[in-house]
Amino acid sequence: MKIVIIGGTGLIGTKLGALLRADGHEVVPASPSTGVDIIAGTGLAEVLTGADVVVDVTNSPSFEEKAVLDFFRTAGRNLLAAEAAAGVRHHVVLSIVNAERNPDSGYMRAKVAQEELVKAGTVPYTIVRATQFLEFAGAIAATAAQGDTITLPPAAMQPIAADDVAAALAWAVEQPPADGSIDIAGPEKLGQDEFVRRYLAAVHDPRKVVTDPDARYFGALLDDSSLVPLGQARLGRISLADWLATQDTAA
Ligand SMILES: NC(=O)c1ccc[n+]([C@@H]2O[C@H](COP(=O)([O-])OP(=O)(O)OC[C@H]3O[C@@H](n4cnc5c(N)ncnc54)[C@H](OP(=O)(O)O)[C@@H]3O)[C@@H](O)[C@H]2O)c1
Numbered sequence: 109m110k111i112v113i114i115g116g117t118g119l120i121g122t123k124l125g126a127l128l129r130a131d132g133h134e135v136v137p138a139s140p141s142t143g144v145d146i147i148a149g150t151g152l153a154e155v156l157t158g159a160d161v162v163v164d165v166t167n168s169p170s171f172e173e174k175a176v177l178d179f180f181r182t183a184g185r186n187l188l189a190a191e192a193a194a195g196v197r198h199h200v201v202l203s204i205v206n207a208e209r210n211p212d213s214g215y216m217r218a219k220v221a222q223e224e225l226v227k228a229g230t231v232p233y234t235i236v237r238a239t240q241f242l243e244f245a246g247a248i249a250a251t252a253a254q255g256d257t258i259t260l261p262p263a264a265m266q267p268i269a270a271d272d273v274a275a276a277l278a279w280a281v282e283q284p285p286a287d288g289s290i291d292i293a294g295p296e297k298l299g300q301d302e303f304v305r306r307y308l309a310a311v312h313d314p315r316k317v318v319t320d321p322d323a324r325y326f327g328a329l330l331d332d333s334s335l336v337p338l339g340q341a342r343l344g345r346i347s348l349a350d351w352l353a354t355q356d357t358a359a
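In this text, residue positions in the sequence shown follow the working numbering: the first is 109, and each later residue adds one.
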């Protein structure tokens, strides 16, 4: 199959491209750095010619509330219209587990808007909803840091390795469109505070994590059901301990 990966130069897109090529597919990574911009529409019709499946793993350059909503709305409209015109048979998009349960987060609202466009469109689709990536630990720490103190809630997470996310997307590409969503998550649950504490220890970062149930995550107040799958989920294979072992660059 010809598979176009929009956002194919990013963290997930690069890993997904390698997996799909190994499965014998023709893979075309598309992003501004390869001449395809889904906001401007540049290069979109050309890259989609003859495509069977399109995977959308783009991300907004800005997480500011209005900017991220504008990005996913404009990107979704342009991409889905171009796919319909090109006769694409399956649109696979990467979203976030429970995005609609966290409306206080502008980023989550933007992902819900992206999902709504896909559901309302004419291209058969599969929405793969992942929990937070293990690779996001440093970014979570950065958003919650004040000096040497990082304040985070104890709310449950079930973070997943980017390699497991890519594997789930590669699997979804080879299935018929679900016209619905699939949740994917890591193999273990732990508090957000503990996740970041363990990450910082593994990378020899001396900053201290303070637990505060009222600390917000990208604007959202979390409880134990905010970020973890509440129904059936496909689980990744890579444990936190195994992933942390690969992060210890000082060893
Ligand atoms: N981080 C998490 O914990 C998490 C959890 C669940 C779901 N997700 C979702 O996972 C998705 C992918 O995340 P990621 O970490 O792989 O992202 P990433 O590494 O930041 O990559 C983003 C990709 O989007 C491309 N892009 C940006 N603007 C574009 C445009 N105008 N037109 C076409 N492509 C554009 C970038 O291209 P260039 O390289 O050319 O700039 C890059 O290839 C996101 O949608 C995010 O919401 C993330």
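Note that beta-carbon positions come from the ideal geometry of N, C-alpha and C, so glycine has one too.
Where does residue i sit, in a helix, a strand or coil, going by DSSP?
i	result
Asp131	coil
Pro140	helix
Leu119	helix
Lys297	coil
Ala359	Because Ala359 sits at a pLDDT of 46, beneath the cut-off of 50, its placement in the model cannot be relied upon, and the following sentence gives the value as read from the coordinates. Three-state result, Ala359: coil.
Phe241	strand
Asp272	helix
Arg345	coil
Asp291	strand
Gln49	No information on residue 49 is available, as it lies outside the stretch 109 to 359 that the chain covers here.
Met265	strand
Leu338	coil
Ala353	helix
Ile204	strand
Asp212	coil
Pro191	As written in the sequence, residue 191 is Glu, which differs from the Pro given in the question. Reduced to three states, the DSSP call for Glu191 is helix.
Phe171	coil
Glu282	coil
Thr182	helix
Val311	coil
Judging by CA-CA distance, which residue of the options is the nearest neighbour of residue i?
i	options	result
Ala324	Pro261, Met265 and Asp332	With the sequence shown as reference, residue 324 is identified as Arg, and Ala is not the correct amino acid for it. If we check each option's Cα against that of Arg324, Pro261 comes out closest.
Ala247	Glu296, Val236, Gly195 and Phe303	Phe303
Lys110	Val136, Ala274, Gly118 and Pro211	Val136
Gly99	His199, Ser168 and Ala159	This structure leaves residue 99 out entirely; the chain is present only between 109 and 359.
Ala275	Leu128, Gly118 and Gly116	Leu128
Thr319	Gly195, Ile268 and Thr259	Thr259
Thr251	Glu282, Ala269, Val317 and Leu343	Val317
Ala153	Val196, Phe180 and Gly116	Val196
Val407	Gln266, Leu335, Gly116 and Ala249	As shown, the chain starts at 109 and ends at 359. That puts residue 407 outside it, with no answer to give.
Ile114	Gly327, Gly132, Gly151 and His133	Gly151
Val112	Gln222, Ile268, Ala190 and Asp301	Ala190
Gly158	Asp331, Leu277, Glu134 and Ser168	Glu134
Ala221	Ala194, Ala253, Phe244 and Ala175	Ala175
Arg315	Glu282, Ala253 and Glu296	Ala253
Ser334	Arg185, Glu208, Ile146 and Leu124	Glu208
Pro367	Val336, Asn210, Ala130 and Pro140	Given that the chain is displayed from residue 109 to residue 359, the structure contains no residue 367 and the question cannot be resolved.
Asp332	Asn206, Ala194 and Asp313	Asn206
Measure the CB-CB distance between residue i and residue j and report whether it falls below 8 Å.
i	j	result
Ala192	Val161	no
Val155	Ala138	yes
Leu177	Val226	no
Leu329	Asp164	no
Ile120	Leu202	yes
Gly344	Ala269	yes
Asn167	Gly125	no
Ala249	Leu338	no
Asp291	Ala341	yes
Below 8 Å on the Cβ atoms is my contact criterion, and I expect residue i with residue j to pass it. Report the Cβ-Cβ distance as a whole number of Å.
i	j	result
Gly299	Ala264	6 Å
Ile346	Asp271	6 Å
Ala293	Thr257	Their Cβ separation, rounded to whole angstroms, is 29 Å, which puts Ala293 and Thr257 out of contact at 8 Å.
Ala280	Val311	Contact doesn't hold; Cβ gap of about 31 Å is too wide.
Ile218	Phe180	Reading off the sequence, residue 218 comes out as Ala, not Ile. Right, their Cβ atoms sit about 4 Å apart.
Glu223	Gln266	That belief does not hold up - the Cβ atoms of Glu223 and Gln266 are roughly 20 Å apart, past 8 Å.
Phe326	Tyr215	5 Å
Who are residue i's beta bridge partners in DSSP?
i	result
Ala328	Tyr325
Lys110	Glu134
Lys227	Answer is none; Lys227 lacks a bridge partner.
Ile147	Answer is none; Ile147 lacks a bridge partner.
His199	Val162 and Tyr233
Ile258	Ala253 and Val317
Say the cut is 7 Å; is the CB of residue i nearer than that to a heavy atom of ligand 2?
i	result
Thr117	In the structure on display, ligand 2 does not appear, and the ligands it does have are ligand 1.
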